[in-house]
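Participant: Chains as they are written, first to last, in my numbering: chain L, 373 to 536; chain P, 373 to 536; chain X, 373 to 536; chain C, 373 to 536.
Glycine is no exception: its CB is placed at the ideal position from the N, C-alpha and C atoms.
Since the model is a prediction, treat every value here as computed from it, not as a measurement.
Shown below is the structure under consideration.
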């Protein structure tokens, strides 16, 4: 099998409910990914960094993603990311010319609330990047999977669409 | 997006519990796939045929899969199939030289019991076949995705492994 | 069977995630209770009123609960209520001397996130009020079920305890 | 709180899917009850015995249930039991004149497949037996809760009804 590195940066995918505060918080330990890994009987390597809502991501955070990818040995990378600025990080990654196959994914609903959508997004990214034979930066959200320039979030509808 | 046809033939993926008889039965309407489609906000085309445990599949059943693929307009095909004879159907499909990109997937646990594993298998197949640029017959099970000759079921362990 | 009226006033029990806004909202239609009813094969009567976080409940809201109970024909009442002011509403109901068997319940986690806790709280209230042979106002939360004066929320721990 | 002993004897409630054999088996460790206990934040005492489909229960098995209750200090007992012979065990328990408050419950769907129905049955039994002030043998299934003579399984419909 192709070696794949999963970089988990936070976003809705990782939100969990805190019964004491009544708020949704980003789980820094990536338990959603751990549960997929366990229930899927698959062993993939995960690095948890940043743990932010993507609206709160800074230039430094994006630089850290680039640096993490540069340091990695894997040629195939999945980034779990918030949906609101997924396009922005994708652009930064494309401009960094990392010479790898990189795919961004995430979820409109937290894994802890609707595990199907989050699992489907992550695993379709996993399948795509396994087969992918062209370096570049891709997005995989609700079945739309392509170069990051051709998939974008429709904020009114709450899902991703192909960009004309 | 690439057009993909999903051919659902039954197998563990589709088993559901009948509270009257206390037995697991194959759901002929493919409600598991319908639920993934709905929760994932994706629209994929599904044909339900055969609806059998793959141990009960006959030569005629496999001929029907071949025929269904030949008649279809789509160049990318996902087959949801029981795990016990997935290799056998894959071989029949390879020998039929269908000139398409075909991937078989399924589940060790019914979608109705462990929806994560079934969703993960199906969606990783979906991602792989979307990116795939070489005609052939592939298998996608618990994160192992490759030409059908290189992925096989380990019946003692209850999951799929890479074939040396 | 004893006739039971369920009055659903909102609270955490009914919160659902809105993927467009990224916020938890109170579902005014009580779909959590509908799902329990359907999956449990039980038919209970539900009235949805108020639909508020219990911290936002006003004097008028509590008067409406009292009025709704007074108008009802049922002698056994379950109130689904937010946990933060469950004690306050219980006191108002006790002082209204309604001459019925009334039990308040709710959830620390939304039904849409952890359906087990919400189902367990609701159904233990259902069982208790079915067997109850003494008029009064009760609370049922995480297995603590008694007169409302003897069960209260521990806000630090995030669950209900017996009051000494 | 009232002390309650839970005696788990098996039945559909405890069935889990074995992916190696493709069969449903009775989980001898009662993980369904453990999960309810954990997610409900409640601590109840459970004894796991027999672990059988209730159609396979023998006279000796029923004698063991009687003996287990006799030896227990608790005055309130919940028995998790298969649905097909729940009535038969209830009759044996009634004839044993155990001088306790005993309630039988179970599930039409395994907890591992539909956790709502199983949780609802168990927790309504829990609530009922907490409030119950009359010794006897009761059944709690899908919201029908009463003396065991007045609740029975409708095998065609697949749920419990009140006996006229």
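1) Is residue 476 (chain X) buried or exposed, if buried means 16 or more other CB atoms sit within 10 Å of its CB?
2) Determine the chain C residues that contact residue 441 (chain P) at a beta-carbon separation under 8 Å, and present them in chain order.
3) For residue 382 (chain P), name the three-state secondary structure that DSSP assigns.
4) Verify whether the separation of the beta carbon atoms of residue 450 (chain C) and residue 378 (chain C) is less than 8 Å.
5) Let me check understanding here. Comparing Cα to Cα, which of X:516, X:499 and X:407 lies closest to residue 504 (chain C)?
6) Confirm, please, whether the CB-CB distance from residue 382 (chain X) to residue 398 (chain X) is below 8 Å.
7) Does any C-beta atom of chain L lie closer than 8 Å to the C-beta of residue 486 (chain P)?
8) Mind checking whether residue 468 (chain C) and residue 438 (chain C) have CB atoms under 8 Å apart?
9) Relative to the C-alpha of residue 460 (chain P), which candidate in P:531, P:389 and P:520 has its C-alpha closest?
10) State the DSSP-derived secondary structure class of residue 481 (chain L), mapped to helix, strand or coil.
11) Assuming the contact rule is C-beta atoms closer than 8 Å, residue 496 (chain L) and residue 508 (chain L) should be a hit. Round their C-beta distance to whole Å, please.
12) Candidates P:518, P:485, P:510 and P:424: which alpha carbon is nearest residue 411 (chain L)'s?
13) What residues from chain L crowd round residue 392 (chain X), counting only those whose CB sits closer than 9 Å?
14) What number of angstroms, rounded off, separates the C-alpha of residue 533 (chain C) from the C-alpha of residue 403 (chain L)?
15) Please give the ranges of any beta strand (DSSP E) in the region 382-437 of chain X, keeping only runs that are unbroken, at least 3 residues long and fully inside the region.
16) Look at residue 420 (chain X) and residue 442 (chain X) and say whether their C-beta atoms are less than 8 Å apart.
17) Output the residue ranges of the alpha helix (DSSP H) runs that lie fully inside the region 439-511 of chain C and measure 4 residues or longer, sorted by chain position.
18) Among P:528, P:374, P:536 and P:376, whose alpha-carbon lies nearest the alpha-carbon of residue 456 (chain P)?
19) Within 10 Å of its beta-carbon, does residue 405 (chain C) have 16 or more other beta-carbons around it, so buried, or fewer, so exposed?
20) Residue 534 (chain X) bridges to which residues according to DSSP?
21) Among L:464, L:452 and L:473, which one has its Cα closest to the Cα of residue 490 (chain L)?
22) Please confirm whether residue 411 (chain P) has its beta-carbon closer than 8 Å to some beta-carbon of chain C.
23) State the CB to CB distance for the pair residue 448 (chain X) and residue 473 (chain X), rounded to an integer number of angstroms; the pair is presumed to be in contact (CB under 8 Å).
24) When DSSP labels each residue in this structure, what does residue 516 (chain L) get in the three-state scheme?
25) When the distance is taken between beta carbons, is residue 375 (chain C) closer than 8 Å to residue 446 (chain C)?
26) In or out: residue 392 (chain P) buried (at least 16 other Cβ within 10 Å) or exposed?
27) Against residue 514 (chain X), what residues of chain C qualify as contacts under a CB-to-CB distance less than 8 Å, listed in chain order?
28) How about residue 424 (chain X) and residue 482 (chain X): are their beta carbons less than 8 Å apart?
29) Leaving out five residues before and five after residue 462 (chain C) in sequence, what residues of the same chain have Cβ atoms less than 7 Å from its Cβ?
30) For residue 428 (chain P), which residues of its own chain have a beta-carbon under 8 Å away from its beta-carbon, when the five flanking residues on both sides are left out?
31) Nearest to residue 506 (chain C) by CA position, among C:535, C:470 and C:458, is which residue?
32) Please return the same chain residues whose Cβ sits closer than 8 Å to the Cβ of residue 502 (chain L), not counting the five positions on each side in sequence.
33) Buried or exposed for residue 430 (chain L), going by 16 or more other Cβ atoms inside 10 Å?
34) Please report whether the beta-carbon of residue 520 (chain C) lies at a distance below 8 Å from any beta-carbon of chain X.
35) Compute the Euclidean distance between the alpha carbons of residue 436 (chain C) and residue 413 (chain P), then round it to the nearest angstrom.
Facilitator: In terms of the structure at hand:
1) Position 104 of the third chain, counted from the start, is the residue given in the question as residue 476 (chain X). Buried is the call here.
2) Residue 441 (chain P) sits at position 69 when you count from the first residue of the second chain. When 8 Å is used as the limit between beta carbons, residue 441 (chain P) is near no residue of chain C, the shortest such separation being about 27 Å.
3) Against the second chain, residue 382 (chain P) aligns to sequence position 10. Here residue 382 (chain P) sits in strand by DSSP.
4) As a first step, residue 450 (chain C) is located in the fourth chain; it is residue number 78 there, counting from the start. As a first step, residue 378 (chain C) is located in the fourth chain; it is residue number 6 there, counting from the start. In contact: residue 450 (chain C) and residue 378 (chain C) (Cβ atoms closer than 8 Å).
5) As a position in the fourth chain, residue 504 (chain C) is number 132, starting the count at 1. When each option's Cα is compared against that of residue 504 (chain C), the closest is X:499.
6) Counted from its first residue, the third chain places residue 398 (chain X) at position 26. Counted from its first residue, the third chain places residue 382 (chain X) at position 10. In this structure, residue 382 (chain X) lies closer than 8 Å to residue 398 (chain X) by Cβ.
7) Locating residue 486 (chain P) in the second chain gives position 114, where the first residue counts as 1. So yes, residue 486 (chain P) belongs to the interface.
8) In the fourth chain, the residue the question calls residue 468 (chain C) occupies position 96. In the fourth chain, the residue the question calls residue 438 (chain C) occupies position 66. Result yes, Cβ atoms of residue 468 (chain C) and residue 438 (chain C) sit closer than 8 Å.
9) Within the second chain, numbered from 1, the residue matching residue 460 (chain P) stands at position 88. Nearest C-alpha to residue 460 (chain P): P:520.
10) On the first chain, position 109 is the one that residue 481 (chain L) refers to. Here residue 481 (chain L) sits in coil by DSSP.
11) Taking the first chain and counting its residues from 1, one reaches residue 496 (chain L) at position 124. Taking the first chain and counting its residues from 1, one reaches residue 508 (chain L) at position 136. 17 Å between Cβ atoms; not a contact.
12) Position 39 of the first chain, counting from 1, holds the residue named residue 411 (chain L). The residue with the shortest Cα to Cα distance from residue 411 (chain L) is P:485.
13) For this step, residue 392 (chain X) is matched to residue 20 along the third chain. Correct list: 480, 527, 528, 529 and 530.
14) Position 161 of the fourth chain, counting from 1, holds the residue named residue 533 (chain C). Position 31 of the first chain, counting from 1, holds the residue named residue 403 (chain L). Distance between the alpha carbons of residue 533 (chain C) and residue 403 (chain L) is about 42 Å.
15) 387-390, 395-398 and 417-424
16) Here residue 420 (chain X) is taken as the residue at index 48 of the third chain, counted from 1. Here residue 442 (chain X) is taken as the residue at index 70 of the third chain, counted from 1. No.
17) 458-467 and 487-503
18) The count along the second chain starts at 1 and reaches residue 456 (chain P) at position 84. Cα-wise, what sits closest to residue 456 (chain P) is P:528.
19) As a position in the fourth chain, residue 405 (chain C) is number 33, starting the count at 1. The residue in question, residue 405 (chain C), is buried, as its Cβ has 16 or more Cβ neighbours within 10 Å.
20) As a first step, residue 534 (chain X) must be located in the third chain, where it is residue number 162. Its beta-bridge partners are X:523.
21) Working through the first chain from its first residue, we reach residue 490 (chain L) at position 118. Closest option to residue 490 (chain L), Cα to Cα, is L:452.
22) The sequence position of residue 411 (chain P) within the second chain is 39, counting from 1. Residue 411 (chain P) does not count as touching chain C.
23) Within the third chain, residue 448 (chain X) is the residue found at index 76, counting from 1. Within the third chain, residue 473 (chain X) is the residue found at index 101, counting from 1. Sure, about 5 Å apart at Cβ, within 8 Å.
24) As a position in the first chain, residue 516 (chain L) is number 144, starting the count at 1. Here residue 516 (chain L) sits in strand by DSSP.
25) Walking along the fourth chain from the start, residue 446 (chain C) turns up at place 74. Walking along the fourth chain from the start, residue 375 (chain C) turns up at place 3. Yes.
26) Taking the second chain and counting its residues from 1, one reaches residue 392 (chain P) at position 20. Burial check for residue 392 (chain P): the Cβ neighbour count within 10 Å stays below 16, so the residue is exposed.
27) For the purposes of this step, residue 514 (chain X) is taken as residue 142 along the third chain, with counting starting at 1. What residue 514 (chain X) touches in chain C: 412, 413 and 414.
28) As a position in the third chain, residue 424 (chain X) is number 52, starting the count at 1. As a position in the third chain, residue 482 (chain X) is number 110, starting the count at 1. No, these two residues do not count as a Cβ contact at 8 Å.
29) What you label residue 462 (chain C) is simply residue 90 of the fourth chain in a count that begins at 1. Correct list, in chain order: 476, 509, 511 and 520.
30) Within the second chain, the letter at position 56 stands for residue 428 (chain P). Nothing meets the Cβ criterion.
31) As a first step, residue 506 (chain C) is located in the fourth chain; it is residue number 134 there, counting from the start. Among C:535, C:470 and C:458, the Cα nearest to that of residue 506 (chain C) belongs to C:470.
32) Numbered from its first residue, the first chain carries residue 502 (chain L) at position 130. Cβ within range, chain order: 373, 374, 376 and 448.
33) Residue mapping note: residue 430 (chain L) aligns to position 58 of the first chain, counting from 1. The Cβ neighbour count for residue 430 (chain L), taken over all protein chains shown within 10 Å, is under 16; the residue is labelled exposed.
34) Taking the fourth chain and counting its residues from 1, the one referred to as residue 520 (chain C) is at position 148. Closer than 8 Å: no.
35) Taking the first residue of the fourth chain as 1, we reach residue 436 (chain C) at position 64. Taking the first residue of the second chain as 1, we reach residue 413 (chain P) at position 41. Rounded to the nearest angstrom, the two C-alpha atoms are 52 Å apart.
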